[in-house]
Amino acid sequence: MAISIRRALISSKSLYCALRIASIRSHQNFSYLNSSYFDNSHESATVDRFLSSPAISFRQFNTRRGFAKGRKQQIKEELEEEDEDEEEEWDDEEDDKEGVDLGDSVKTTALLQMEAAVDALSRELAKLRTGRASAGMLDHIMVEHYGVKTPLNRMAVVSVLDSKTLSVTPYDPNALKELEKAIISSPLGLNPKSDNQRLITPIPPLTKEHMQAVCKVVAKSSEDVKQSIRRARQKALDTIKKAAPKKKDKDKAGSSISEDDAKRLEKEIDELTKKFIKTAEDMCKAKEKEIKVG
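In terms of this note's numbering, the sequence shown opens at residue 286 and continues consecutively.
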């Protein structure tokens, strides 16, 4: 009998909780319930706290789907807050590193441009004929094979037999005649001989007039590469100038680098410029010596 009464009380309490939830959902009050029927005020308060918790929306717990949706929204909001915090930290780090990154970027860009200018000079000097055999002196010659013009160094292996003789061995034996024609037609003044497998190309000594003409080409190439190096320097200095604070705005925020960093970068760019100009001058002097000595 006592067990039956206890079960009845538990069922009544469960019914009370269910009715409380249903009442809140439909915005109805509890006037038709006799709250004095329930003696356990602790359980009633627990239900009230559960339903009135500010962090939990009742609608979310209406169904399992609603609960999952509500939880998903809560997680999304938390992740968005974390992303905002990370973005703020990232911006702060970028502000701290911006000056350093700008300096590295300016120097790297200038370095690559100056290296490219010197590499171009090296290729141009290799094309010039001297009194000595050089494998690279034929690289610029274009050969027409099956109606397509292709650089000679992609169609044949050029090797130095001795200081006065070159050997040209084609990858495709059928291209031997086209290679011979292209070499003869070039402005180098060469006359190769075929042995049916390769071309033997003697390098005749330069005449005085030809020697002077080639030296003039070297001098012009030297001046051209110096101008390219100076242009790279000027671009770097312009970038630094734009990033550095102006004299009247030394204390103004927003400058990418400080005045001291700007001066340091300008000095480093000038040192790079002097280094590459000297490299270009040394290359041209060596080429002129090679031409004159033969």
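By construction, the Cβ of each residue, glycine as well, lies at the ideal position given by its N, Cα and C atoms.
- In the structure shown, S471 falls within a coil segment according to DSSP collapsed to helix, strand and coil.
- T564 carries a helical assignment under DSSP once its states are collapsed to helix, strand and coil.
- V442 has T454 as its beta-bridge partners, per DSSP.
- Taking 8 Å as the cut-off, the beta carbon of L410 is found closer than this to the beta carbon of K572.
- The DSSP-derived three-state label of S407 is helix.
- The three-state reading of DSSP puts I554 in helix, counting H, G and I together.
- For M496, the enclosing alpha helix (DSSP H) has its first and last residue at 493 to 528.
- Apart from the 5 residues on each side of it in sequence, T450 sits with its Cβ closer than 8 Å to the Cβ of A418, I485, T486, P487, I488 in its chain, given in chain order.
- The residue among G416, S543, G432 with its C-alpha nearest the C-alpha of D447 is G416.
- For the pair I468 and R518, the Cα-to-Cα distance works out to about 39 Å.
- Distance from the Cα of Y431 is smallest, within the candidate group Y456, E463, E400, for E463.
- Distance from V453 to A441 at the Cβ level is roughly 5 Å; contact confirmed, criterion being Cβ atoms closer than 8 Å.
- The alpha carbon of K574 has as its nearest neighbour, out of D404, V503, D546, the alpha carbon of V503.
- Taking a contact as a CB-CB distance under 8 Å, the pair T564 and R515 does not count as one, their CB atoms being some 14 Å apart.
- The criterion of a C-beta distance shorter than 8 Å is satisfied by L461 and S479.
- For V578, the number of other beta carbons within 10 angstroms of its own is below 16, and it is reported as exposed.
- As the crow flies, the alpha-carbon of I554 is around 25 Å from that of R408.
- Within the same chain, V503, S507 come within 6 Å of C569 by CB-CB distance, once the 5 residues on both sides are set aside.
- About 4 Å separates the Cβ atoms of A395 and A521, confirming a contact at the 8 Å cut-off.
- In this structure, I542 places its C-beta atom within 8 Å of the C-beta atom of G388.
- Per DSSP, K449 lies in no beta strand (DSSP E) and is assigned neither H nor E.
- Collapsing the DSSP output to three states places S390 in a helix.
- Around the beta-carbon of P472, fewer than 16 other beta-carbon atoms lie within 10 Å, marking it exposed.
- The three-state reading of DSSP puts L413 in coil, since its state is none of H, G, I, E or B.
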